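Some notes on the structure that comes next.
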Amino acid sequence: MRLPLKASYVTLCIVFIICVAGGIRIVQGNKETDPSHTNPLSYPQNEYGQTYGSAAEATPIGMLPDLIYSGSVNGIAAYVLKQDYLSELSRDVPLYEVSGKAIIGSYRISAKNVTYPKNKNGQTYGSSADAASSETSPELIRAIGVGGTKGYVLKTDLDGKLPTSPEEAISMQNSRPPGGREIPLYDVDGETILDVFQIK
């Protein structure tokens, strides 16, 4: 059974129109899902074309504004440059007002938060040099014992007992042994003692 020539042309035209319409829809759909074409965080721009605003923890680096809000100085919104914000080093950086030209103060950029690995007991371990502050140090801090053995000391042992009054602080200071004190140096498991670490 053969279709008449006119019916074949009509069928062919309908198939062509459907293919073209489907292709256009696919191209438009790709543009909508490709992150390079969208910026859900549409930051405002200053007079020099720099974007400015806050940076959330989950904001991808490519979507950060040029000037990142860091607080205020004398009631003026203060911003750090994106490249300063992304710095891996702890240091003081200039604070700018919204134009990004006038320096209105300085700001301490801390090393980025480090996610320390955990041992089988759930204790974090690593170098305290990677921590932004002593509060973010791992529970087991990398150290070298008096015998040259590499291991870890407990942060609580390293910190020691904290005084509760000025008098107690003076008493603790006066009662320190002249050679310092020794604390255990552990394996990464936080249980096996490998050596001792001396605090002077």
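For the sequence shown, the numbering used here begins at 63 and goes up steadily by one. Heads up, the beta-carbon is just placed ideally off N, CA and C, and yes, glycines get one too. This structure is a prediction, so every number in the text was calculated from the model and none was measured.
Step through the CB atoms of chain C and report whether any lies within less than 7 angstroms of the CB of Ser149.
Of the protein chains in the structure, only one exists, and it is not chain C.
Can you tell me which residues form a DSSP beta bridge with Arg204?
Tyr214
Can you tell me where the alpha helix (DSSP H) with Asp146 in it begins and where it stops?
Lys144 to Tyr147
Collapsed DSSP secondary structure at Ala191 in the structure displayed:
helix
Val250 and Tyr178 - do their beta-carbons sit closer together than 7 angstroms?
no
Could you give the distance in angstroms between the alpha-carbon of Pro246 and the alpha-carbon of Ile203?
12 angstroms
What are the boundary residues of the alpha helix (DSSP H) that includes Glu244?
Careful: Glu244 lies outside any alpha helix (DSSP H), inside the beta strand (DSSP E) at Arg243 to Tyr248.
Using only the alpha-carbon positions, how far apart do Ala139 and Ile130 sit?
10 angstroms
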